[in-house]
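*Asks:* Protein chains in written order, with my numbering: chain A, 1 to 97; chain B, 98 to 194; chain C, 195 to 672; chain D, 673 to 1150. Every residue, glycine too, gets a C-beta built ideally from N, C-alpha and C.
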Amino acid sequence: MDDSLTNSLYVFVLAAFLGYQVISRVSVLLHTPLMSLTNAIAAISLVGSLILAGSAQAPYATVMGAVAVAASFANVVGGFLITDRMLKMFKTREPAK
Amino acid sequence: MDDSLTNSLYVFVLAAFLGYQVISRVSVLLHTPLMSLTNAIAAISLVGSLILAGSAQAPYATVMGAVAVAASFANVVGGFLITDRMLKMFKTREPAK
Amino acid sequence: MSLLATVAEEAVSGRTTVENFIDFAYLISAIGFIMSLKWLSHPSTARKGVKAGEIGMLLAIIGTLMKHEIVEYRWIAIALVIGAAGGVPLALLMKMTAVPQRTAFSHALGALAAGLVGTAEFYLHGDTLSKVALTAIGFEVVLGYLTFTGSLMAFGKLQGFITGKPILYPGQNFVNLGIFGASVAIAGYLVVNPTAAHLFPWLIALTLVFGVFLIIPIGGADMPTVIALLNGYAGLSASAMGFALDNKLLIIAGALDGTSGLILSIIMCKAMNRSFTNVLFGGFGAVAQSKSGAVEERSVRSISPEETAQMLENSDSVIIIPGYGMAVSQAQHKVRELYDALSKRGVDVRFAIHPVAGRMPGHMNVLLAEADIPYDRLIDMDEINSEFPQTDVALVIGANDVVNPSARTDKTSPIYGMPILNADAAQTVMVVKRGMSAGFAGVENDLFFMDKTMMLFGDAKGYIADVVKELSGVHAGH
Amino acid sequence: MSLLATVAEEAVSGRTTVENFIDFAYLISAIGFIMSLKWLSHPSTARKGVKAGEIGMLLAIIGTLMKHEIVEYRWIAIALVIGAAGGVPLALLMKMTAVPQRTAFSHALGALAAGLVGTAEFYLHGDTLSKVALTAIGFEVVLGYLTFTGSLMAFGKLQGFITGKPILYPGQNFVNLGIFGASVAIAGYLVVNPTAAHLFPWLIALTLVFGVFLIIPIGGADMPTVIALLNGYAGLSASAMGFALDNKLLIIAGALDGTSGLILSIIMCKAMNRSFTNVLFGGFGAVAQSKSGAVEERSVRSISPEETAQMLENSDSVIIIPGYGMAVSQAQHKVRELYDALSKRGVDVRFAIHPVAGRMPGHMNVLLAEADIPYDRLIDMDEINSEFPQTDVALVIGANDVVNPSARTDKTSPIYGMPILNADAAQTVMVVKRGMSAGFAGVENDLFFMDKTMMLFGDAKGYIADVVKELSGVHAGH
Ligand SMILES: NC(=O)c1ccc[n+]([C@@H]2O[C@H](COP(=O)([O-])OP(=O)(O)OC[C@H]3O[C@@H](n4cnc5c(N)ncnc54)[C@H](OP(=O)(O)O)[C@@H]3O)[C@@H](O)[C@H]2O)c1
Ligand SMILES: NC(=O)c1ccc[n+]([C@@H]2O[C@H](COP(=O)([O-])OP(=O)(O)OC[C@H]3O[C@@H](n4cnc5c(N)ncnc54)[C@H](OP(=O)(O)O)[C@@H]3O)[C@@H](O)[C@H]2O)c1
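#1: Using 7 Å as the cut-off, classify the Cβ of P761 of chain D as near or not near the heavy atoms of ligand 1, replying yes or no.
#2: Tell me, to the nearest whole angstrom, how far the beta carbon of P555 of chain C is from that of M462 of chain C; I am working on the premise that it is less than 8 Å.
#3: Helix, strand or coil for A1071 of chain D? Go by DSSP, reduced to three states.
#4: Kindly indicate which three-state DSSP category P1061 of chain D falls into: helix, strand or coil?
#5: Between the alpha carbons of I356 of chain C and M347 of chain C, how many angstroms are there, rounded?
#6: For L184 of chain B, which three-state DSSP category applies?
#7: Compare the C-alpha of L450 of chain C against each of C:G426, C:S345, C:T647 and C:A593 and name the closest.
#8: Span of the alpha helix (DSSP H) holding R241 of chain C?
#9: Assuming M1127 of chain D contacts R970 of chain D under a Cβ cut-off of 8 Å, what Cβ separation, rounded to an integer in Å, is found between them?
#10: Which class does L635 of chain C belong to by DSSP, given the choice of helix, strand or coil?
#11: Residues of chain C with CB under 8 Å from V110 of chain B, in chain order?
#12: Does Y533 of chain C come within less than 8 Å of chain A when only Cβ atoms are used?
#13: Starting from the Cα of P33 of chain A, find the closest Cα among C:P283, C:M251, C:A254 and C:R296 and give me that residue.
#14: Whose Cβ in chain A lies nearer than 8 Å to the Cβ of V123 of chain B?
#15: Do you know how far the Cα of Y317 of chain C is from the Cα of A390 of chain C?
#16: Name the chain A residues that come within less than 7 Å of V119 of chain B, Cβ to Cβ?
#17: Please say whether T791 of chain D and G883 of chain D have beta carbons closer to each other than 8 Å?
#18: Going by Cα to Cα distance, which pick from D:H779, D:G997, D:A732 and D:I1087 is closest to G704 of chain D?
#19: Is there a Cβ from chain C that is less than 8 Å from the Cβ of F187 of chain B?
#20: Considering only their Cβ atoms, is the gap separating V282 of chain C from L81 of chain A smaller than 8 Å?
#21: Can you name the residues of chain D whose CB is closer than 8 Å to the CB of L9 of chain A?
#22: Counting along the chain, where does the beta strand (DSSP E) carrying S937 of chain D start and finish?
#23: List, in order along the chain, the chain A residues whose C-beta lies closer than 7 Å to that of T453 of chain C?
#24: Tell me D1054 of chain D's beta-bridge partners as DSSP assigns them.
#25: Just mark S1109 of chain D as buried or exposed, buried being the case when its beta carbon has 16 or more other beta carbons within 10 Å.
#26: At a Cβ cut of 8 Å, what residues of the region 328–348 of chain C count as close to chain A, listed as they run along the chain?
#27: Between G828 of chain D and ligand 1, is there a pair consisting of the residue's CB and a ligand heavy atom that are separated by less than 7 Å?
#28: Is there a C-beta anywhere in chain C that falls below 8 Å from the one on T62 of chain A?
#29: First and last residue of the alpha helix (DSSP H) that includes A279 of chain C?
#30: So, for L393 of chain C: in the same chain, excluding its five sequence neighbours on each side, which residues have a beta-carbon less than 8 Å away from its beta-carbon?
#31: Of the residues D:M1102, D:A1003 and D:L1067, which one's Cα is nearest the Cα of A1137 of chain D?
#32: Anything in chain A within Cβ reach of E564 of chain C, meaning under 7 Å, just list it in chain order.
#33: With contact counted as at least three CB pairs below 8 Å, one residue from each stretch, are the region 55–66 of chain A and the region 263–277 of chain C in contact?
#34: Looking at the secondary structure, which residues open and close the alpha helix (DSSP H) in which A999 of chain D lies?
#35: With a CB to CB cut of under 8 Å and the five nearest residues on each side skipped, what residues in its chain are close to D566 of chain C?
#36: Our contact map puts F73 of chain A next to L37 of chain A with C-beta atoms below 8 Å; I'd like the distance itself, whole angstroms only.
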């Protein structure tokens, strides 16, 4: 267990607890948007993909990185857009006609 | 901003959010015990006090450390005990007589 | 003061202002994701939540692009364009009923990215990395690749490319466990002996195969639960990437996603009154098709759209119970018209939402919201169940299991113990469905045979359309 | 696998198994504290929460004592014994009504510890520490010492050692701001020039003085809010210690405590419909005493314990509204007897709990729980307010502001906008208090002058005891 592992573990444990607290408060009404939003957030693996694709370490690595960037960026874009599209549908009052 | 500061900031921010989530769920019924429990938890400064009192760096430091240990340990003991004492009083059903 | 200290520090620690900026951007980004999920808790703040998430992601991207490791932007630019070109239509052209498939597909993409990054990292630096980083890469690669093929399988089952029926054979769990054990063993060996790189392709292959085998025995209808679980795995693999790259932002975002997936799948299991193991190894859907044969013998009462319209019109209160059938026939807009027509006549119309009606958590809410039905008319099960006895008509549209009273009474039923909507307590029950076939759980429903129940046979969309026409005075014959 | 990696690592990184154990103990300890607060959210799990916190603290202590820096255990042992000897009686012999004072006193102790550790750290290593660590020590010392004297002042005011009246003089805010500004400036200067150690005593002195001056203008009755805030400061100073020592456990525990204090003081301010600035600079209690002069002229109806007993006995439903007066006269056990006597006669008795009744958040709950009243009989304001119109008797025991209808109607009242218990909506209102003096906010209460209100003059404990005697047939004259 080196120092960086200890730090990472603290961050992970805290984030997991926080996730539990925050997500268990999401009303059932919004569980489908929740799935697509977390899907978009999990596309944070884009960060690792960008570093791989841009660091020119080896041609094969750049290609793998580029594929990873495309795949995770599709999730970022798609995830946020569809979540917003769904949420736009939720309204309290009758829409004016 | 060195690495250890960054790590500490992450931990602090996450813990503060988590604290907010957890504590805002505590029912009004238990706000007084909450105050004494967090009081006991804040006595974690005992950790720093112990290191100071035990590391024999200078006589004045040892004395200050020992005072700090006594002060924060009083809080640890007192805080947990009184919280438990209060909580023991909360009962759902009529006690058998 | 702290800023001063920071600047003073720079000279000493050798960190540049850019690096400090990146650290800062990542921290704000993490806060953005947290706020995003926090605000999603209520419809009134939910869209602000999406904004917070977008800002978080934008900061993460900007911060990363400023890193000094990144020297070559060409491939990144191309890949981003391709990604956007794929992501936009996936979001905007998709029908709302296809949300489960879309989610499965995008988990596959995300997991693939994690797997690829882990693989490249291993080949590039495997021999110099610490054991901790190697362990993290092991988690990342295993979770990534198994989620990749697993999600593709789930996608295939939901989209109908692969049979939705569970495929079962003797010794299946043994085979699966064996494959998984082998891939974990290789991963462990590689951590200790990172120079044995020739084993890495085996690790990838076994894990990919395991992902497929994992999904084969699970019925198509259990896919939503599995998708939530795979969502969790994708998050954990992003977290593992964070451990490997020592990047806190990845750890946090991944952990948030991981817990979300886990919580949702637990909620679904609970609402279906089933255990995790039952979902993962049960082959639940296999029984489904077989049981519904002997049903037709008992008699039911069936009425026409005209009669339905009349009865609805003359009632004071109606509770509509939508289910999977409303989703597949895309009847939500017609239901909206029915709601309008009845409301105009002074009938009090509400919707009873069962947590696992349909095939996704919150499925009915999204569909009805799509049809512009105000969400304060959608009432949760716990709240509305006491209202049925005072209600004139419970109108069940394409729902079945969620109104099956045997869940309350029949201990032998596979859905025994699942909380249900008490439609049977209403004065009159009407059920729109195409025939007498069973629902997801494959069990017969006594509700249909009650004296006060009318069956309204037909496709949900068509039938409701007919009722609406009746109500607006334009008769079908015209 | 991960364990293997860990052991393998050890040889490389030079970390010993003991150090790994300490890291691990600290992590579990942090989890213990989190679970502790999580379990506190409900009475049924709350005591488990205390256990979790104790285990967390025990692990923290064990882990720390194993650190290689600690070479000398004698003084530690002595200090621990003294601490325990002080802490136990402070917890077990204290009356429940003295909880606010106790809390204030223990904040003073905790803050003193933080201040001392920061001070020693500065004198020992100030010249070699990084700017970050120095900044953290600055926060720790300033927050620590100001909380120390501030809490002692709060303790003094609550215990009656110092006048509870706010002490105000012209230019007060200016003076306070000046002192605070000076101490922050010195702290900042020391971060940049840590060799100027001769300034450190000035920092300490100024901060100690600031703590005193901060509390002087605040009325004794506002102390609970201030105590919650000081609780938050104590937590933040522990967090700052964590930044200085690079100890995550301290950061987490401190942050949890810091948010708790902040949240509680915000809740209290909201429930009193006042702002933070109003509490901290308002001198609120100053107005309190002056206004209650002109009251006695209007007439009230007063009845005897006998009549009270009769009326209560003949009613179907009673809601008891306890307030500060019940706390000071320690009447909770007598109230319990009244509850028993009435319940035995078939009267439905409930308790209406206002969030800021008394002088501590949750004050009434603790007192009534102490008297063994089941907590499902204690109903929150929001829930019970709609019940008053159907209630025969609202029995107000030593409460005043929390039932003052002018909070709803009179825009000029200092408590306008504060949510109140609608005692005035009950069929009959009875108010137990000693005389006509005003409550904490110092405003007249129209409730006492309503036609349906009876005043029951007397000390709460004595009066309720008389009523109970009447009810049990043992008349006062015997
Ligand atoms: N929501 C989730 O997250 C989730 C996840 C996994 C599993 N599940 C399970 O899914 C089930 C959901 O219950 P449910 O009541 O919503 O659905 P259900 O029990 O699956 O029943 C759906 C009914 O709709 C009818 N139907 C199908 N197509 C139709 C059409 N075009 N028009 C009219 N009716 C049509 C079917 O009968 P006909 O064929 O006779 O028309 C069927 O009986 C539960 O058992 C739940 O455990 C839910
Ligand atoms: N709970 C908190 O956290 C908190 C914190 C800060 C401030 N506050 C404030 O405190 C107030 C609480 O309201 P409250 O209604 O509980 O109390 P209150 O408004 O302060 O009134 C208490 C009443 O009890 C009577 N009393 C005092 N001693 C008594 C005795 N021995 N026997 C019988 N009656 C006695 C007093 O009248 P007599 O002198 O005529 O007997 C007084 O009118 C609110 O204004 C709130 O904003 C609360």
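*Replies:* Straight from the coordinates:
#1: No; taking the cut-off as 7 Å, the Cβ of P761 of chain D has no heavy atom of ligand 1 nearer than that.
#2: So it is a contact: roughly 6 Å between Cβ atoms.
#3: Note: A1071 of chain D maps to coil in three-state DSSP.
#4: Secondary structure at P1061 of chain D: helix, using DSSP grouped into helix, strand and coil.
#5: Using only the alpha carbons, I get a separation of about 8 Å.
#6: It is helical.
#7: Comparing Cα positions, the closest option is C:G426.
#8: Segment P237 to L259, the alpha helix (DSSP H) holding R241 of chain C.
#9: Actually they are not in contact, since the Cβ atoms of M1127 of chain D and R970 of chain D sit about 12 Å apart, beyond 8 Å.
#10: Note that residue 635 of chain C is Ala in the sequence shown, not Leu. A635 of chain C: coil per DSSP, three-state reduction.
#11: L221, A224 and I225, listed in chain order.
#12: In terms of beta-carbon proximity, Y533 of chain C stays away from the interface with chain A, with every pair separated by 8 Å or more.
#13: Ranked by Cα distance from P33 of chain A, the options C:P283, C:M251, C:A254 and C:R296 are led by C:R296.
#14: Result: empty, since nearest Cβ-Cβ is about 12 Å, beyond 8 Å.
#15: Straight-line Cα distance between these residues: approximately 11 Å.
#16: Those are Q21, listed as they occur along chain A.
#17: Their beta carbons are not under 8 Å apart, which means G883 of chain D does not touch T791 of chain D by this criterion.
#18: Taking only the C-alpha atoms, the option nearest G704 of chain D is D:A732.
#19: Taking Cβ atoms only, chain C never reaches closer than 8 Å to F187 of chain B, which makes this a no.
#20: Taking 8 Å as the Cβ cut-off, L81 of chain A and V282 of chain C qualify as a contacting pair.
#21: Residues of chain D with a Cβ closer than 8 Å to the Cβ of L9 of chain A are, in chain order, L699.
#22: Note, S937 of chain D: premise wrong, no beta strand (DSSP E); alpha helix (DSSP H) at K920 to A943.
#23: When 7 Å is used as the limit between beta carbons, T453 of chain C is near these residues of chain A: A16, G19, Y20 and I23, in chain order.
#24: BP columns for D1054 of chain D are empty, so no partner.
#25: Exposed is the call here.
#26: Those would be none; no residue qualifies.
#27: No - ligand 1 has no heavy atom lying nearer than 7 Å to the Cβ of G828 of chain D.
#28: So yes, T62 of chain A belongs to the interface.
#29: Following the DSSP letters along the chain, one finds A279 of chain C inside the alpha helix (DSSP H) bounded by residues R268 to L286.
#30: Scanning its chain for C-beta atoms nearer than 8 Å, with the 5 sequence neighbours on each side dropped, one finds around L393 of chain C the residues I380, Y383 and L384, in chain order.
#31: Cα-wise, what sits closest to A1137 of chain D is D:A1003.
#32: Per Cβ cutoff of 7 Å: M89.
#33: They touch, by the three-pair rule.
#34: In this chain, the alpha helix (DSSP H) harbouring A999 of chain D covers Y996 to V1000.
#35: The answer, listed in chain order, is R530.
#36: Contact check for F73 of chain A and L37 of chain A: beta-carbon distance about 16 Å, past the 8 Å limit, so the pair fails to qualify.
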